[in-house]
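Novice: If you read the sequences in order, they're chains A, B and C.
Residues 1 to 342 in full-length UniProt numbering are what the first sequence spells out, letter by letter.
Residues 1 to 342 in full-length UniProt numbering are what the second sequence spells out, letter by letter.
Residues 1 to 342 in full-length UniProt numbering are what the third sequence spells out, letter by letter.
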Amino acid sequence: MAKTNPGRFFEDYSIGQVLHHAVPRTVTNGERALYHALYPARHALYSSDEFARNCGLPQSPIDDLAAFHVVFGKTVPDVSQNAVANLGYAEGRWLKPVYPGDTLRAESEVIGLKQNSNGKTGVVWVRTRGLNQHNEVVIEYVRWVMVRKSDLDAPAPETVVPELKKALDVKDLIAPEGLDFTQYDFAQAGEAHRWGDYEIGETIDHVDGVTVEEAEHMLATRLWQNTAKVHFDLTFRPEGRLIYGGHVISMARTLSFNGLANAQMIVGLNGGAHANPCFAGDTIKAWSEVLDKAETAIPGVGAVRLRMVATKGGAPFELKNEDGRYLPNVLLDLDYWALMPI
Amino acid sequence: MAKTNPGRFFEDYSIGQVLHHAVPRTVTNGERALYHALYPARHALYSSDEFARNCGLPQSPIDDLAAFHVVFGKTVPDVSQNAVANLGYAEGRWLKPVYPGDTLRAESEVIGLKQNSNGKTGVVWVRTRGLNQHNEVVIEYVRWVMVRKSDLDAPAPETVVPELKKALDVKDLIAPEGLDFTQYDFAQAGEAHRWGDYEIGETIDHVDGVTVEEAEHMLATRLWQNTAKVHFDLTFRPEGRLIYGGHVISMARTLSFNGLANAQMIVGLNGGAHANPCFAGDTIKAWSEVLDKAETAIPGVGAVRLRMVATKGGAPFELKNEDGRYLPNVLLDLDYWALMPI
Amino acid sequence: MAKTNPGRFFEDYSIGQVLHHAVPRTVTNGERALYHALYPARHALYSSDEFARNCGLPQSPIDDLAAFHVVFGKTVPDVSQNAVANLGYAEGRWLKPVYPGDTLRAESEVIGLKQNSNGKTGVVWVRTRGLNQHNEVVIEYVRWVMVRKSDLDAPAPETVVPELKKALDVKDLIAPEGLDFTQYDFAQAGEAHRWGDYEIGETIDHVDGVTVEEAEHMLATRLWQNTAKVHFDLTFRPEGRLIYGGHVISMARTLSFNGLANAQMIVGLNGGAHANPCFAGDTIKAWSEVLDKAETAIPGVGAVRLRMVATKGGAPFELKNEDGRYLPNVLLDLDYWALMPI
Chain A
1 MAKTNPGRFF
11 EDYSIGQVLH
21 HAVPRTVTNG
31 ERALYHALYP
41 ARHALYSSDE
51 FARNCGLPQS
61 PIDDLAAFHV
71 VFGKTVPDVS
81 QNAVANLGYA
91 EGRWLKPVYP
101 GDTLRAESEV
111 IGLKQNSNGK
121 TGVVWVRTRG
131 LNQHNEVVIE
141 YVRWVMVRKS
151 DLDAPAPETV
161 VPELKKALDV
171 KDLIAPEGLD
181 FTQYDFAQAG
191 EAHRWGDYEI
201 GETIDHVDGV
211 TVEEAEHMLA
221 TRLWQNTAKV
231 HFDLTFRPEG
241 RLIYGGHVIS
251 MARTLSFNGL
261 ANAQMIVGLN
271 GGAHANPCFA
281 GDTIKAWSEV
291 LDKAETAIPG
301 VGAVRLRMVA
311 TKGGAPFELK
321 NEDGRYLPNV
331 LLDLDYWALM
341 PI
Chain B
1 MAKTNPGRFF
11 EDYSIGQVLH
21 HAVPRTVTNG
31 ERALYHALYP
41 ARHALYSSDE
51 FARNCGLPQS
61 PIDDLAAFHV
71 VFGKTVPDVS
81 QNAVANLGYA
91 EGRWLKPVYP
101 GDTLRAESEV
111 IGLKQNSNGK
121 TGVVWVRTRG
131 LNQHNEVVIE
141 YVRWVMVRKS
151 DLDAPAPETV
161 VPELKKALDV
171 KDLIAPEGLD
181 FTQYDFAQAG
191 EAHRWGDYEI
201 GETIDHVDGV
211 TVEEAEHMLA
221 TRLWQNTAKV
231 HFDLTFRPEG
241 RLIYGGHVIS
251 MARTLSFNGL
261 ANAQMIVGLN
271 GGAHANPCFA
281 GDTIKAWSEV
291 LDKAETAIPG
301 VGAVRLRMVA
311 TKGGAPFELK
321 NEDGRYLPNV
331 LLDLDYWALM
341 PI
Chain C
1 MAKTNPGRFF
11 EDYSIGQVLH
21 HAVPRTVTNG
31 ERALYHALYP
41 ARHALYSSDE
51 FARNCGLPQS
61 PIDDLAAFHV
71 VFGKTVPDVS
81 QNAVANLGYA
91 EGRWLKPVYP
101 GDTLRAESEV
111 IGLKQNSNGK
121 TGVVWVRTRG
131 LNQHNEVVIE
141 YVRWVMVRKS
151 DLDAPAPETV
161 VPELKKALDV
171 KDLIAPEGLD
181 FTQYDFAQAG
191 EAHRWGDYEI
201 GETIDHVDGV
211 TVEEAEHMLA
221 TRLWQNTAKV
231 HFDLTFRPEG
241 RLIYGGHVIS
251 MARTLSFNGL
261 ANAQMIVGLN
271 GGAHANPCFA
281 GDTIKAWSEV
291 LDKAETAIPG
301 VGAVRLRMVA
311 TKGGAPFELK
321 NEDGRYLPNV
331 LLDLDYWALM
341 PI
């Protein structure tokens, strides 16, 4: 009996199936410090316990994207080990902050299946939930991937394409209990721009860039226990180790501090595309566009919907060509909701 | 008076001598997180406090090999600074788990000496013990190294070659107090294979690989306060920085998760050879062979004796040539006992 | 309205101005572990809680230089974002140890201004203070930098050049409350040389070297939330990413363990020059010279004033050429006070 895990193929999924992902993980101040070493993370709520307490939280949480990466990493052996492509995200929500000492696990429900016309691959939609040690859902999101078939003769499943929101409504967003930006310290946060200072349609060039190194993206990807071979093994992919898409997300988000220092908490992920692959030696930069704004019932808090684009060259604010395809220098096009002081 | 430490030479050792190694070290969740960033560590007992409690432990311990590296690192300035080669290990035992907050120190007793016939080098055997802040031995092992003489005229010591066990008996192994695998959660651990599913003689190709980088092995080796110049200084070794053998051990062990996810705890080190040097750019892979199995008196726990081989190329399960010498692609041949759920 | 921060130019500073630097930071055991991974840090007081308690402290503090880097990093966006050169340090003092869990913030007062004769740049002197969550000053130092003017027509300010001490007097130095070296364990510390064993004028070659890598210096520099583009972005500086001067300071200080293992605490920074730039691939080595010695009123503690020189080649103890200029292989010339057991 073979002891190693070959991963799931398209024919191994069925609608309603629940995958209980392995290897729960306790996250601590160690992961927190590593996040600050791997990315130029400066959002004050995640940097200072004192700042967090001043915003009504008991202490500084683990970065929202670090929590996302931990949950995402758990799903890789069950969802994307034999994936050809990571196609999209939708309906992502952060429901509870993750604090040092919390233990995360993850499970995914198969909510969509569609075999491709070539008969060799199919698309799988899963709704993934990350849970803490109290069985509270801390994060949830839908992801869909293209997966290879192993047995090409396996019958195609009935096509089920889930109906997904193009964007979350502000009413769908959940803020941490106790959050309150009425005493928000703009000087400590690093920028004076409040929610009211941003306009729909406004674009921001975040200016700074980081030339990425092999050691760094591997440290990050391993830290999230993401096991996809393409990120680590040059004998598996001699043309170059592919950088985990989440490394690009975190790099862009932390670079966006410069111009969005007060977009403190990520609370919703409306969608996202990894437009082109990223490799060591690329210099990641980022720009953002304000897509929407909404008031909230939380004291002192407004919501802003942002497009965050990561690039490896080219001018800011360029995204697609005339055919509507991403330009070759675009790495990432992410659509998310963040909370800001009003 | 010269203030720097030249290290000990062969003539500086004597039978019965006890070396109290310097620089005690408090290990924390920081070291724990770094272990997960440096290696693809996924064994659940070391990843989740909840999983560890479900196995009868108070919390998730520091990885067994991380504890080993900390103790080993302390011995380098006294034992292997002038070593020509690290020749072997024997009778290694993990006696107490190490938890975040524990402070480790180390001492070694010289138990064997044999000058080589060339008169320029000799072999030194030491039994090293790692102790925690309560003066409890947490780990012990025998290591022997070939060390240069500084004064070639120094008389050869009486030859003492210690009698060492080829392998520890299962009765010699110590499990942590309270360990209990009767409630073991195989789904959370990541594989369904239990102790009864492994057969003596069975071999497992762990499939995954990591192409190693200079920054990573130096981060790891420094983290263990291992000061050997060959790992860090290209002006000292212009042909390439040699990767610390323990980095290869930890890489292979964590890669072995895929097929041995339930070989949770390392409790015995029967022997080991660093067959060939490892350099940045090498891709480390691993395979294992089940050498022995034994029942234990611990609830739900069986012991499995494993050969773990790390390679930098070649096919799995190839080890030695016709002359009994290690093939050039073999990095490591390690023989250890692990505890598994029955 | 532009949302990104262009940094301050020479004409934006005025005497008496107080800059409240953004992004407070809680430092934990995670930062502590990373310091040990990034540098060959072995001073026992910062490695072991037990050793620290034996010296009268409640636990092992965060390394003095790590605290310095955190404070320094906060000042970069306000002080050196448009700096042409980091010209010097003076009157640096460590006033309180920083422990895991402490939250640091920083503020700087402009104490000197002098426009250069070219009319394009000027020198700015600031006195920076790092404060903890109790509003206690934990560190303070003067730094001066050459900063570009943005508006060349802006009038030159009145020249104010602060009077700075060439070196702190031993009476100016502050030791942590409770510090006591009367029970100091030299064996655990790693060397037998006590304060009385060092002579003024004595030089020490620290022998060991580290060949530095891009990933490492970027991890370190980000960990301190230092945002200077030159360290990260190869498109900004195609001729090579410049290594943060503080990375060289920490590397040299930790290499100086070999010969100065008992120079435990840094308490004063008299001055320092970053003589030449450092790049990935350089091998950093260090040598020291005893500049002065002084008794203290602290039980068992003496003070030693040291010159620490970091090099990237050349012979030890070579510093300047006949014209009094630093030799091209000299990276750093730092003058500091440390506390040793008498």
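Glycine is no exception: its CB is placed at the ideal position from the N, C-alpha and C atoms.
Note that the coordinates shown come from a computational prediction; the quantities given were computed from them, not determined experimentally.
#1: Which whole runs of the alpha helix (DSSP H) in the stretch 218-293 of chain C are 4 residues long or more, in chain order?
#2: Within this structure, are the beta carbons of K96 of chain A and N132 of chain A separated by less than 8 angstroms?
#3: How should Q225 of chain A be labelled, buried or exposed, when 16 other C-beta atoms within 10 angstroms of its C-beta is the threshold for buried?
#4: Keeping to the same chain, check which residues put their C-beta closer than 6 angstroms to that of P316 of chain B; ignore five residues upstream and five downstream.
#5: Given a threshold of 16 other Cβ atoms within 10 Å of its Cβ, counted over all protein chains shown, does Q183 of chain A qualify as buried or as exposed?
#6: Where are the beta strand (DSSP E) runs, 3 residues long or more, that stay fully inside the stretch 177-226 of chain B, in chain order?
#7: Taking 8 angstroms as the threshold (C-beta atoms), are A33 of chain C and G30 of chain A in contact?
#8: How many whole angstroms separate the CB atoms of I174 of chain B and V309 of chain B, which I take to be in contact at a CB cut-off of 8 angstroms?
#9: Taking 8 angstroms as the threshold, find out whether the stretch 189-203 of chain A comes into contact with the stretch 189-205 of chain B through three or more Cβ pairs.
#10: For A67 of chain C, decide whether its Cβ has a neighbour in chain B, counting only Cβ atoms nearer than 8 angstroms.
#11: Would D64 of chain A pass as an interface residue toward chain B - the criterion being a Cβ-Cβ separation below 8 angstroms?
#12: R321 of chain A CB to nearest chain C CB: under 8 angstroms?
#13: Taking its Cβ as the centre, do 16 or more other Cβ atoms sit within 10 Å of V160 of chain C, making it buried, or is it exposed?
#14: I'd like to know if E50 of chain A contacts chain C, where contact means its C-beta is closer than 8 angstroms to some C-beta of that chain.
#15: Going by C-alpha distance, which of A:A41, A:R42 and A:E140 is nearest F72 of chain A?
#16: So for N86 of chain B, helix, strand or coil by DSSP?
#17: If I measure Cβ to Cβ from D151 of chain C and keep anything under 6 angstroms in the same chain, skipping five residues before and after, which residues do I get?
#18: Checking the sheet assignment: what are the DSSP bridge partners for D333 of chain A?
#19: My output table needs one value for Y326 of chain B: the three-state DSSP class, helix, strand or coil.
#20: What span of residues does the alpha helix (DSSP H) with R32 of chain C cover, start to end?
#21: Residues of chain A with CB closer than 8 angstroms to the CB of F236 of chain C, please, in chain order.
#22: Out of curiosity, what's the CA-to-CA distance linking A52 of chain C and D180 of chain A?
#23: Between which two residues does the alpha helix (DSSP H) holding K74 of chain B run?
#24: Taking 8 angstroms as the CB-CB cut-off, is N132 of chain A touching chain C?
#25: Counting only beta-carbon atoms, is N29 of chain C nearer than 8 angstroms to chain B?
#26: Taking buried to mean at least 16 other C-beta atoms within 10 Å of its own C-beta, is V18 of chain C buried or exposed?
#27: Whose C-alpha, out of C:G7, C:H21, C:P24 and C:A41, is nearest the C-alpha of A220 of chain B?
#28: List the residues that DSSP assigns as beta-bridge partners of K320 of chain A.
#29: Can the beta-carbon of T311 of chain A be found closer than 8 angstroms to that of D49 of chain B?
#30: List the residues of chain C whose Cβ lies closer than 8 angstroms to the Cβ of D205 of chain A, in chain order.
#31: Could you run through the stretch 7-35 of chain A and flag, in chain order, every residue whose CB is less than 7 angstroms away from some CB of chain B?
#32: Please classify E91 of chain C: does DSSP put it in a helix, a strand, or coil?
#33: Verify whether the separation of the beta carbon atoms of K114 of chain A and V123 of chain A is less than 8 angstroms.
#34: Taking Cβ positions, are V248 of chain A and R237 of chain A nearer each other than 8 angstroms?
#35: Give the range of the alpha helix (DSSP H) segment to which R105 of chain C is assigned.
#36: Answer with yes or no whether the minimum CB distance from Q59 of chain B to chain C is below 8 angstroms.
Specialist: In terms of the structure at hand:
#1: Within the stretch 218-293 of chain C, the complete alpha helix (DSSP H) runs of at least 4 residues are 245-255 and 257-260.
#2: Within the first sequence, the letter at position 96 stands for residue 96 of chain A. Within the first sequence, the letter at position 132 stands for residue 132 of chain A. Yes, the Cβ-Cβ distance between K96 of chain A and N132 of chain A is below 8 angstroms.
#3: As a working mapping, residue 225 of chain A is identified with position 225 in the first sequence. With 16 or more other CB atoms across the displayed protein chains lying within 10 angstroms of its CB, Q225 of chain A is buried.
#4: Start at 1 with the first residue of the second sequence, and residue 316 of chain B comes out as number 316. Excluding positions up to five away in sequence, the list reads D205 and W287.
#5: Indexing the first sequence from 1 puts residue 183 of chain A at position 183. Q183 of chain A sits exposed, since fewer than 16 C-beta atoms from the chains shown fall within 10 Å of its C-beta.
#6: If only uninterrupted beta strand (DSSP E) runs of at least 3 residues are considered, those enclosed by the stretch 177-226 of chain B are 203-211.
#7: Taking the first residue of the first sequence as 1, we reach residue 30 of chain A at position 30. Taking the first residue of the third sequence as 1, we reach residue 33 of chain C at position 33. Going by C-beta atoms, G30 of chain A is nearer than 8 angstroms to A33 of chain C.
#8: Stepping through the second sequence from its first residue, residue 174 of chain B is reached at position 174. Stepping through the second sequence from its first residue, residue 309 of chain B is reached at position 309. Contact flag wrong, Cβ pair sits at about 26 angstroms.
#9: Contact annotation: the stretch 189-203 of chain A does not touch the stretch 189-205 of chain B, with fewer than three C-beta pairs closer than 8 angstroms.
#10: Numbered from its first residue, the third sequence carries residue 67 of chain C at position 67. No, its Cβ sits nowhere closer than 8 angstroms to a Cβ of chain B.
#11: For the purposes of this step, residue 64 of chain A is taken as residue 64 along the first sequence, with counting starting at 1. For D64 of chain A, the answer is no, since every Cβ of chain B falls outside 8 angstroms of its Cβ.
#12: Stepping through the first sequence from its first residue, residue 321 of chain A is reached at position 321. Note that residue 321 of chain A corresponds to Asn in the displayed sequence, not to Arg. So no, N321 of chain A is outside the interface.
#13: For the purposes of this step, residue 160 of chain C is taken as the residue at position 160 of the third sequence. Label assigned to V160 of chain C: exposed.
#14: Taking the first residue of the first sequence as 1, we reach residue 50 of chain A at position 50. Yes, E50 of chain A counts as interfacial toward chain C.
#15: Within the first sequence, the letter at position 72 stands for residue 72 of chain A. Considering only A:A41, A:R42 and A:E140, the residue with the shortest C-alpha distance to F72 of chain A is A:E140.
#16: Indexing the second sequence from 1 puts residue 86 of chain B at position 86. For N86 of chain B, the three-state secondary structure derived from DSSP is strand.
#17: The residue you call residue 151 of chain C lines up with position 151 of the third sequence. Excluding positions up to five away in sequence, the list reads E11.
#18: On the first sequence, position 333 is the one that residue 333 of chain A refers to. Listed as beta-bridge partners of D333 of chain A by DSSP are A:A273 and A:V309.
#19: Here residue 326 of chain B corresponds to residue number 326 of the second sequence, with the count starting at 1. DSSP places Y326 of chain B in strand when its eight states are reduced to three.
#20: If you number the third sequence from 1, residue 32 of chain C lands on position 32. DSSP places R32 of chain C inside the alpha helix (DSSP H), whose first and last residues are N29 to L38.
#21: As a first step, residue 236 of chain C must be located in the third sequence, where it is residue number 236. G209, listed in chain order.
#22: On the third sequence, residue 52 of chain C is found 52 positions in, with the first residue counted as 1. On the first sequence, residue 180 of chain A is found 180 positions in, with the first residue counted as 1. Their Cα atoms are separated by approximately 40 angstroms.
#23: Numbered from 1 along the second sequence, position 74 holds the residue referred to as residue 74 of chain B. Counting along the chain, the alpha helix (DSSP H) containing K74 of chain B begins and ends at D64 to T75.
#24: Along the first sequence, read from residue 1 onward, the residue named residue 132 of chain A stands at position 132. Answer no: the Cβ-Cβ gap between N132 of chain A and chain C never drops below 8 angstroms.
#25: What you label residue 29 of chain C is simply residue 29 of the third sequence in a count that begins at 1. With a threshold of 8 angstroms between beta carbons, N29 of chain C makes contact with chain B.
#26: For the purposes of this step, residue 18 of chain C is taken as residue 18 along the third sequence, with counting starting at 1. When all chains shown are included, V18 of chain C counts as exposed.
#27: For the purposes of this step, residue 220 of chain B is identified with residue 220 of the second sequence, where counting begins at 1. Measuring from the Cα of A220 of chain B, the nearest candidate turns out to be C:A41.
#28: Locating residue 320 of chain A in the first sequence gives position 320, counting from the first residue. A:Y326.
#29: The residue given as residue 311 of chain A occupies position 311 in the first sequence. The residue given as residue 49 of chain B occupies position 49 in the second sequence. Inclusion of T311 of chain A and D49 of chain B in the CB contact set at 8 angstroms is not warranted, their separation being larger than that value.
#30: Along the first sequence, one-based indexing puts residue 205 of chain A at 205. Within 8 angstroms Cβ-Cβ: T4.
#31: Only those residues of the stretch 7-35 of chain A whose C-beta falls short of 7 angstroms from the nearest C-beta of chain B are listed: H20, A22, V23, P24, R25, T26, T28, N29, G30, E31, A33 and L34.
#32: Counted from its first residue, the third sequence places residue 91 of chain C at position 91. Secondary structure at E91 of chain C: strand, using DSSP grouped into helix, strand and coil.
#33: On the first sequence, residue 114 of chain A is found 114 positions in, with the first residue counted as 1. On the first sequence, residue 123 of chain A is found 123 positions in, with the first residue counted as 1. Contact annotation: K114 of chain A and V123 of chain A have beta-carbon atoms nearer than 8 angstroms.
#34: Position 248 of the first sequence holds residue 248 of chain A. Position 237 of the first sequence holds residue 237 of chain A. Here V248 of chain A is not near R237 of chain A, since their CB atoms are 8 angstroms or more apart.
#35: Taking the third sequence and counting its residues from 1, one reaches residue 105 of chain C at position 105. R105 of chain C -> not in any alpha helix (DSSP H); beta strand (DSSP E) instead, spanning T103 to Q115.
#36: Here the question's residue 59 of chain B lines up with position 59 in the second sequence. No, Q59 of chain B does not count as interfacial toward chain C.
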